[in-house]
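Beneath this line is the structure, given in structure tokens, with notes to follow.
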Amino acid sequence: MAEDNFKSDVADVRFSLQRFTYVDYAVFIMMLTICGLIGIYFGFVNKQKSTQDYLMGGRNMKLVPVCFSLVASFISGISLLGTPTELYLFGTAYVFSLFGAVAMSLILGSTFLPVFHELQITSVYEYLELRYDKRVRIFGSAIFSIYLMAWLPIVIYVPALAFNQVTGFNIHIISPIICSVCIFYTSLGGLKAVVWTDVLQTIVMVSAMILVIFKSTIIVGGINEVLRRNWSTDRLAFPSLTFDLTERHSIWSVSIGATFYWIGNIAVNQSMMQRFLALSELKSAKRAIWGFLFGVFVIVFICGYSGLVAYAKYYECDPLDSKLALAKDQLLPLLVMDVFNDWEGMPGIFIAGVFSAALSSLSTGLNSMAAVVLEDFWKPFCKVPTPKQSQIIVRLVVIILGCICFGLVFVVEKLGSVLQLTMSLSSASMGPLAGVFLMGLFFPFIDSTDALCGGIIGLLSAWWVTAQSQFAIAKGLMKYNEKIRFTNNCSYTFKSAVVHATESRKETISAWTRNVDLTLYRKPSIDTMTLVDKHCTYNK
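Right, here's the structure in full:
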């Protein structure tokens with residue numbers, strides 16, 4: 232315990248930073264209100280005349296709003312809070328995974344997108360039935376559904392966590408508010424409402440982050456001082472030049488591993504491809520790829536720099552070790568409340584930005600799930616519904632799944648860092664699915680049985696590794712080397728009982744598998760699937 236009796240206790244400091252004024256509430260409520268009004272407009276004024284209008288925007292959406300929507304849907308509040316935390320704790324190596332995004336863009340534009348656009352499909356998993364059979368289509372749709380229903384609760388939890396940091400509101404109070412607003416405008420307005428709210432939300436999100444890093448950099452003493460403090464603690468780092476799969480960010484994971492991560496997250500993800508397919512021409516869809524890539528680069532660099540400037544701000548008094556921030560992913564909200572203590576309305580803008588990112592991802596997910604349920608689960612097994620019945624079905628899907636996602640928030644808050652958790656879920660689920668698509672596109676001798684067997688075994692192997700790692704994280708058995716942090720010059724008192732120890736390298740197979748880099752879950756699952764496919768084929 233620090234021994235200066237005149238210092239405040241960390242709990243008092245934390246409470247003093249929870250200032251959300253009437254101006255902040257007004258800014259926040261205004262953003263939610265505008266989202267609701269957009270839903271009302273597309274639900275009652277500019278009505279959808281068919282299910283295709285509701286799910287695909289009539290396949291005549293404009294390029295610029297679709298690019299905004301793609302960026303907003305992919306980034307989410309998870310990236311806004313998780314990426315700064317990643318760079319704060321582990322340095323800049325994570326940013327190099329963007330090279331995988333470039334490789335994915337080239338592959339997407341030359342293979343996946345031309346095929347899907349030519350087929351004029353609503354659900355990308357319809358391709359699996361055309362290439363293989365109905366069993367594989369259901370397998371692909373089921374994997375996506377499981378992944379999305381595990382991911383969306385994280386999307387809800389993240390802004391609730393930020394709101395808790397700046398206001399002290401209980402997470403379980405704000406979570407249903409997020410869900411209610413999103414369900415309202417998504418169920419009413421369909422894809423057009425989702426896309427246009429995404430445009431608004433992207434503008435709010437980027438504006439909030441730029442204001443945060445601009446003011447924080449000035450307080451720290453300029454960009455040179457930010458870089459100097461991070462350089463002195465080895466945070467400005469490249470991926471390690473090793474092929475050790477247990478390294479958090481190696482040259483292997485940010486190149487090959489990241490490429491497969493991005494393929495699974497974009498090319499075979501209904502939530503993302505639905506927007507590409509909503510454009511009328513293939514040429515426009517290809518342009519949207521590069522618009523999306525540019526937007527992702529901008530957001531990741533902004534979020535990454537905010538992590539570096541947060542470390543520079545708390546260079547001599549780390550808020551994690553001092554417990555000023557009670558969770559790792561509360562670092563950025565803490566920074567906002569700290570540096571904008573004299574700017575009424577700025578915390579409201581920041582929270583509106585985080586909620587914007589979350590709402591865009593949640594609405595996209597619910598809209599895409601409505602498409603998958605109707606096209607892949609309802610129509611193949613039930614009587615084909617009339618257009619009016621179809622619109623009722625997709626709206627009910629949005630409402631029911633939104634409520635389920637809120638219930639799963641209680642599970643998410645017991646797990647680890649949101650960025651690693653999200654990437655683990657994505658890699659474990661979408662990796663085998665990417666393998667099924669890649670086999671179909673590039674290996675004509677692979678049939679439906681081969682694809683199904685390989686996909687199932689790849690999925691089980693990836694889930695096993697993910698379960699091992701998440702169990703180890705929950706038990707405190709698995710830790711990565713975090714960059715050095717200091718608490719030698721804090722202006723408040725706290726209990727000093729933190730040691731940055733990292734568990735030594737394990738020797739057992741189970742320990743090795745749970746330590747495998749989070750972006751590499753996808754690559755082994757695809758390799759496993761490929762081996763099984765070849766074995767099945769050659770033994771016929």
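Numbered per the numbering used here, the sequence shown spans residues 232 to 771. All residues carry an ideal CB built from backbone N, CA and C; glycine is no exception. Bear in mind the structure is a predicted one, so any value in this text is a computation, not a measurement.
Taking Ala541 as the reference, give the member of Thr353, Met568, Gly689 with the closest Cα. Of Thr353, Met568, Gly689, the residue nearest in Cα terms is Met568.
Cβ-Cβ separation, Phe668 to Val499 (assumed contact under 8 Å), whole Å: Their Cβ separation, rounded to whole angstroms, is 5 Å, which keeps Val499 and Phe668 in contact under 8 Å.
Mind listing, in chain order, the continuous alpha helix (DSSP H) runs of no fewer than 4 residues lying wholly within the segment 414 to 491? The qualifying runs are 454 to 463.
Pick out whichever of Leu320, Ile631, Val527, Ala682 has its Cα sitting closest to the Cα of Lys710. Measuring from the Cα of Lys710, the nearest candidate turns out to be Leu320.
In chain order, what residues of the same chain lie with their CB nearer than 6 Å to the CB of Val643, ignoring the 5 residues before and after it? Within its own chain, the residues whose Cβ lies closer than 6 Å to the Cβ of Val643, once the five positions on either side in sequence are excluded, are Pro384, Ile385, Tyr388, listed in chain order.
Tell me whether His480 is buried or exposed, calling it buried when 16 or more other Cβ atoms sit within 10 Å of its Cβ. Result: buried.
Look at the alpha carbon of Gln283 and the alpha carbon of Ile414, and state the distance between them as a whole number of angstroms. In a straight line, the C-alpha of Gln283 is about 19 Å away from that of Ile414.
Residue burial classification, Thr264 (beta-carbon count within 10 angstroms, cutoff 16): Under this definition Thr264 is an exposed residue.
DSSP three-state assignment for Leu557, whether helix, strand or coil: Correct three-state label for Leu557: coil.
Roughly how far, in whole angstroms, is the beta-carbon of Val302 from the beta-carbon of Gly535, given that I think they are within contact range, below 8 Å? Rounded, the Cβ-Cβ distance is 16 Å, inconsistent with contact.
What is the DSSP secondary structure of Asp240, reduced to helix, strand or coil? It is a strand residue.
Considering only their Cβ atoms, is the gap separating Ile374 from Glu632 smaller than 9 Å? The amino acid at residue 632 is misidentified as Glu; the sequence shows Leu. In this structure, Leu632 sits away from Ile374, with a CB-CB distance that is not shorter than 9 Å.
Which one of Tyr378, Ile630, Ser336, Ile624 has the shortest CA to CA distance from Thr417? For Thr417, the closest C-alpha among the options Tyr378, Ile630, Ser336, Ile624 is that of Ile630.
Terminal residues of the alpha helix (DSSP H) in which Gly529 lies: Residue identity differs from the one stated: residue 529 is Val in this sequence, not Gly. Counting along the chain, the alpha helix (DSSP H) containing Val529 begins and ends at 513 to 544.
Compute the Euclidean distance between the alpha carbons of Lys459 and Thr448, then round it to the nearest angstrom. It should be noted that the sequence gives Arg, not Lys, for residue 459. About 12 Å.
Report, in whole angstroms, the separation of the C-beta atoms of Gly495 and Met661, which I expect to be a contact under 8 Å. Right, their Cβ atoms sit about 3 Å apart.
Tell me where the alpha helix (DSSP H) around Gln622 begins and ends. It spans 618 to 643 - the alpha helix (DSSP H) in which Gln622 sits, taken as one unbroken run.
Bounding residues of the alpha helix (DSSP H) (the contiguous stretch that carries Gly229): For residue 229 there is no data in the structure shown, the boundaries of the chain being 232 and 771.
In angstroms with no decimal places, state the Cα-to-Cα distance between Gly453 and Val529. Just so you know, the alpha carbons of Gly453 and Val529 end up roughly 20 Å apart.
So is the beta-carbon of Gly340 under 8 Å away from any non-hydrogen atom of the ligand PLP? Absent from the structure shown: the ligand PLP. Ligands present: none.
Given a cut-off of 9 Å on the beta-carbon distance, is the pair Arg506 and Met335 in contact? Contact: no.
With 16 as the cutoff for other CB atoms within 10 Å, does Met261 come out buried or exposed? It counts as exposed.
Using alpha carbons as the reference points, say which of Met503, Trp695, Thr617, Leu563 lies closest to Val603. Residue Met503 is the option with its Cα nearest to Val603.
Tell me whether Thr718 sits in a helix, a strand or coil according to DSSP, three-state version. In this structure, Thr718 counts as coil in the three-state DSSP scheme.
How far does the alpha helix (DSSP H) with Glu713 in it reach, from first residue to last? Taken as a continuous stretch (DSSP letters only), Glu713 belongs to no alpha helix (DSSP H), as it is neither H nor E.
CB contact flag (Ala698, Val258, <9 Å): No, the Cβ-Cβ distance between Ala698 and Val258 is not below 9 Å.
Decide if Thr353 is buried, meaning its Cβ has at least 16 other Cβ atoms within 10 Å, or exposed. It counts as buried.
Segment contact, 8 Å Cβ cut-off, at least three pairs: the segment 577 to 594 with the segment 303 to 317: Taking 8 Å as the limit for Cβ pairs, the verdict is that the segment 303 to 317 does touch the segment 577 to 594.
Select from His348, Trp521, Asp573, Asp552 the residue whose C-alpha is nearest the C-alpha of Glu713. Minimum Cα distance to Glu713 is reached at Asp552.
On the DSSP bridge list, what partners appear for Leu510? Answer is Met292, bridged to Leu510.
Where does Tyr363 fall in DSSP's three states? The DSSP-derived three-state label of Tyr363 is coil.
Within its chain, find whatever has a CB closer than 6 Å to the CB of Ser372; leave out the 5 residues flanking it on each side and keep chain order. The beta carbon of Ser372 sits closer than 6 Å to those of Tyr356, Val603, Asp607, all from its chain and outside the five residues before and after it, given in chain order.
Need the endpoints of the alpha helix (DSSP H) that Phe343 sits in, please. For Phe343, there is no enclosing alpha helix (DSSP H), as DSSP marks it with neither H nor E.
Residue range of the alpha helix (DSSP H) that Val603 falls in? Counting along the chain, the alpha helix (DSSP H) containing Val603 begins and ends at 577 to 603.
At least 3 beta-carbon pairs within less than 8 Å: the segment 719 to 728 vs the segment 544 to 558: Contact holds: three or more Cβ-Cβ distances are below 8 Å.
Buried versus exposed, by CB contacts within 10 Å (16 or more), Arg745: For Arg745, the pLDDT reaches just 41, beneath the cut-off of 50, and the residue's location in the model is therefore unreliable, leaving the point undetermined.
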